[in-house]
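Everything below concerns the one structure shown next.
2 protein chains.
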Amino acid sequence: MRKGFLTLNSREEAKLSARRSKGHRVTIHDLARIAGVSVSTVSKALNGNGRMAADTRERIKSLAAEIGFRPNALARGLLSNRSFTVGLLTNDTYGRFTLPVMAGISEALVDHGVSVFLCAIEDDPELGKVHVDAMLDKQVDGIIATGKRVDRSLPVDLAGLPVPVVYAFTEGEAGSVTLTADDRHGARLATEWLQRIGRKRLVHITGPREFASAVERAEAFREVAGSAAPVLHGVWSEAWGHAAVDRLWNEGGGKPDGIFCGNDQIARGVVDALRERGAKVPEDVSVIGFDNWEIMAAQTRPPLTTVDMNLKELGREAGLMVLALAEGRTVEPGLRKLPCKLVIRESCGGGDRRD
Amino acid sequence: MRKGFLTLNSREEAKLSARRSKGHRVTIHDLARIAGVSVSTVSKALNGNGRMAADTRERIKSLAAEIGFRPNALARGLLSNRSFTVGLLTNDTYGRFTLPVMAGISEALVDHGVSVFLCAIEDDPELGKVHVDAMLDKQVDGIIATGKRVDRSLPVDLAGLPVPVVYAFTEGEAGSVTLTADDRHGARLATEWLQRIGRKRLVHITGPREFASAVERAEAFREVAGSAAPVLHGVWSEAWGHAAVDRLWNEGGGKPDGIFCGNDQIARGVVDALRERGAKVPEDVSVIGFDNWEIMAAQTRPPLTTVDMNLKELGREAGLMVLALAEGRTVEPGLRKLPCKLVIRESCGGGDRRD
DNA sequence: TTTTCTTGAGAAAACCTTTTCTCATATTGA
DNA sequence: TCAATATGAGAAAAGGTTTTCTCAAGAAAA
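So the protein sequences, as listed, match chains P and A.
Residue 116 in my numbering is what sits at position 116 of the first sequence, and the numbering runs on without skipping anything.
Residue 290 in my numbering is what sits at position 290 of the second sequence, and the numbering runs on without skipping anything.
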């Protein structure tokens with residue numbers, strides 16, 4: 001007689017809405033009562049465990065859907081030792097680097113039912129500790145550390161934590177799992193492209209020598225362009241790009257016909273300076289940027305051809321890695337460098353040569 | 001005999017590290033065993049509840065600190081119906097607007113032991129629902145919705161959720177708690193400043209009419225500058241700023257001596273165009289931007305005087321508001337507009353007139 | 001008809017913490 | 001010395017879910 005009915009009778013409905021309006025969520029007990037079975041049966045029905053009559057299972061499932069039952073993750077986590085949350089620690093709140101990384105992480109993990117705690121710690125070790133403790137209290141399954149510089153670590157010690165840690169775009173301790181963009185690869189891509197479209201006299205204008213990224217890109221540039229190719233170190237700004245062009249054009253000697261810049265801001269300064277001097281981009285000089293910072297690269301006249309570090313992909317990978325570690329799967333430790341890609345716009349010409 | 005000892009004996013230490021190495025965290029039961037009291041006593045000691053001998057309390061407290069006991073937030077939340085988490089929903093993953101908002105939220109809430117779930121939903125209603133469900137499963141105490149446009153709502157319905165919702169810098173449903181920057185106030189600040197430093201012929205160059213922000217700022221501009229003052233609507237780009245100046249200078253009539261721009265990118269285009277035409281900034285023309293987007297405003301030559309929307313503060317307020325609602329305190333519903341502030345740099349001159 | 005096996009479903013424990021209630025002991029007053 | 005009170009600490013329940021174990025009933029075999 002009980003079997004087969006699907007809609008709730010009015011008494012049950014009344015009870016349910018009474019509970020709901022008191023701020024209570026629907027629990028597995030409510031569902032069990034309504035279905036006329038025990039909570040264990042409900043649990044097994046919904047999770048596909050245990051032996052049971054197929055129609056019982058189906059009946060419970062559709063009833064659960066009908067009243068919108070969703071298991072309390074806190075209770076579940078308490079039992080399973082898995083909270084289905086991970087923490088994301090960053091000291092780059094305003095930065096354009098970590099944003100795509102974060103987006104990638106969030107995107108990769110939501111498919112696995114994992115939510116991400118965002119912890120903006122600036123450069124404050126105290127704040128870092130507070131956040132880490134708060135996350136550990138909440139039983140995060142793992143932590144991802146990310147920052148604004150590949151060669152600096154966060155102001156907080158994550159070694160020896162009771163949960164796995166993955167470092168993305170920031171320096172991790174020895175033996176840790178770390179992910180960054182392959183700066184050398186990006187620089188090679190850019191330099192080879194300049195050569196491929198016929199540029200001979202290449203120059204690299206980039207940021208300070210103190211940045212590992214700047215150094216690595218410069219080394220890779222010289223490996224491709226030749227060890228005598230000039231590299232100008234400065235700061236990461238538009239103004240420096242401008243000034244560097246002034247310097248190149250004021251000193252004697254042959255002018256470059258291809259300029260690889262350490263970031264899009266420098267490239268923008270370079271393009272502006274070239275225009276002011278009457279050098280046409282890309283007809284006379286090809287310019288390549290780095291970062292593919294849309295709002296900068298796309299608004300420059302002409303729009304910048306630039307190197308994209310695939311940061312979203314990097315985030316996605318990092319997310320999947322903590323997840324793997326959290327589930328007890330092993331992940332090979334060490335530094336993994338993800339390849340970059342070249343985004344062709346108009347500041348180089350040669351777009352038709354792409355293949 | 002038991003009383004007064006502080007350091008663990010070796011047997012207890014061994015047991016503890018055995019548990020820890022098996023991936024188990026220290027529980028209140030461990031602590032109780034070590035302290036030689038019951039779990040209830042420990043709980044009461046640490047939470048300052050119940051009656052108990054002062055030295056018992058102290059002994060337990062220092063023991064807890066020594067072994068690093070921290071209560072499991074999942075268990076706590078299960079009991080108290082408070083998870084000390086809130087969800088942050090955003091469709092502006094890359095945007096410069098929501099970043100400071102997020103930072104403000106995180107900063108305000110960490111002090112209250114509350115962690116923030118970051119949910120990047122782009123403009124995907126499906127993804128939005130997945131995230132919201134995941135958060136509700138995790139028993140978030142509240143949700144903050146934020147986006148890239150004040151006059152658009154997120155692609156997900158947050159009405160009727162069993163937790164409080166606060167909207168920050170995005171449109172909420174009727175009767176909701178919503179926080180935005182006061183565009184009119186910002187525009188007034190800028191326009192009045194131009195007048196104050198002696199500019200008479202003011203122009204406003206801004207974004208599309210479809211943006212409520214653009215319209216409100218334009219209205220406020222005209223209230224201050226006079227209803228005949230020209231307003232040029234275009235897009236939010238540097239190129240448009242450039243083009244707008246071309247238009248103004250090519251058509252006959254008096255040239256403006258003060259230009260209020262709808263955002264920093266437009267301002268940058270305006271400044272560049274003026275320089276190209278030989279008009280000096282700020283000597284001949286004063287230019288004001290909007291947004292105080294550091295990387296744009298500070299790198300423009302000369303650095304931009306601009307309106308700051310106090311987005312971090314807005315985030316902080318939003319955070320405190322969900323918290324209040326989560327704790328059952330009432331918050332007056334409706335749209336609250338937070339004041340802006342003027343950031344004086346060099347594109348206006350008159351910096352010394354500040355008071 | 002009796003025995004064995006299969007199937008379906010429930011009872012109870014476990015996860016960790018907090019809180020209320022209860023109880024034993026020590027202290028005070030008569 | 002006895003009763004009444006104050007004090008300190010433990011037992012147990014609760015919160016929501018999952019999992020293991022147990023058990024009853026029906027079906028098949030003898």
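Beta carbons are placed, not taken as given, at the ideal position from N, Cα and C, and that holds for glycine.
- Residue contact with chain P for Q195 of chain A: absent (no Cβ-Cβ distance below 8 Å to any residue of chain P).
- In this structure, the beta-carbon distance from V165 of chain P to A318 of chain P does not fall below 8 Å.
- By the 16-neighbour rule on beta-carbons within 10 angstroms, P339 of chain P is exposed.
- Distance from the CA of S38 of chain A to the CA of L78 of chain A, rounded to the nearest whole angstrom, comes to 21 Å.
- If you check the CB distance, K138 of chain P and S286 of chain A do not come in under 8 Å.
- Scanning the segment 253 to 278 of chain P for uninterrupted beta strand (DSSP E) segments of 3 residues or longer gives 258 to 261, listed from N- to C-terminal end.
- The C-alpha of L161 of chain P lies about 17 Å from the C-alpha of T146 of chain P.
- Non-local C-beta neighbours of L202 of chain P in its own chain, meaning closer than 6 Å and more than five positions away in sequence, comprise L194, A225, A229 and G258, ordered along the chain.
- As a beta-bridge residue in DSSP terms, Y167 of chain P pairs with P:A145 and P:T178.
- Collapsing the DSSP output to three states places L158 of chain A in coil.
- Check the Cα spacing between C119 of chain P and each of P:I144, P:V307 and P:V331: the tightest is with P:I144.
- DSSP places S153 of chain P outside both helix and strand once states are collapsed to three, so it counts as coil.
- For W249 of chain A, the number of other beta carbons within 10 angstroms of its own is below 16, and it is reported as exposed.
- Counting along the chain, R336 of chain P sits inside the beta strand (DSSP E) bounded by residues G334 to L338.
- For S347 of chain P, no beta strand (DSSP E) segment is defined, and its DSSP state is neither H nor E.
- Using a CB distance cut-off of 8 Å, N72 of chain P counts as an interface residue toward chain A.
- Between E238 of chain A and G278 of chain A, the gap from beta carbon to beta carbon reaches 8 Å or more.
- When secondary structure is reduced to three states using DSSP, T300 of chain P falls in the coil class, being assigned neither helix nor strand.
- With three or more CB-CB distances shorter than 8 Å, the segment 305 to 315 of chain A counts as touching the segment 183 to 192 of chain A.
- Close to chain A, meaning a Cβ-Cβ distance shorter than 8 Å, are the following residues of the segment 117 to 134 of chain P: F117, L118, C119, A120, L127, V130, H131, D133 and A134.
- Boundaries for H112 of chain A: no beta strand (DSSP E) harbours it, and the DSSP string shows neither H nor E there.
- Going by C-alpha positions, R329 of chain P is about 55 Å away from I344 of chain A.
- For V287 of chain A, the enclosing beta strand (DSSP E) has its first and last residue at S286 to F290.
- In the structure shown, T27 of chain A adopts coil according to DSSP, grouped into three states.
- Here P71 of chain A really is in contact with I28 of chain A; their C-beta atoms are around 7 Å apart, less than 8 Å.
- One thing to note: L154 of chain A has its Cβ no nearer than 8 Å to the Cβ of L109 of chain A.
- For the 8 Å CB-CB criterion, T98 of chain P and L335 of chain P do not form a contact.
- The beta-carbon distance between D157 of chain P and R82 of chain P, rounded to whole angstroms, is 25 Å. This is too long to meet the 8 Å contact definition.
- In this structure, G207 of chain A sits near W236 of chain A, with a CB-CB distance shorter than 8 Å.
- In the DSSP assignment, T85 of chain A falls outside any alpha helix (DSSP H) and within the unbroken beta strand (DSSP E) covering T85 to T90.
- In the structure shown, the three-state DSSP call for T206 of chain P is strand.
- Secondary-structure assignment with DSSP links K341 of chain P through a beta bridge to P:D308.
- Apart from sequence neighbours up to five positions away, the residues of its chain that approach V163 of chain A with a beta-carbon distance below 8 Å are L136, V140, D141, G142, I143 and A326, ordered along the chain.
- Bridge pairing for V132 of chain A: absent [DSSP].
- At a C-beta separation below 8 Å, L99 of chain A has these neighbours in chain P: T93, Y94 and L99.
- Shown here for P282 of chain P: same chain residues with a beta carbon closer than 6 Å to its own, the five before and five after excluded, namely S347, C348 and G349 in chain order.
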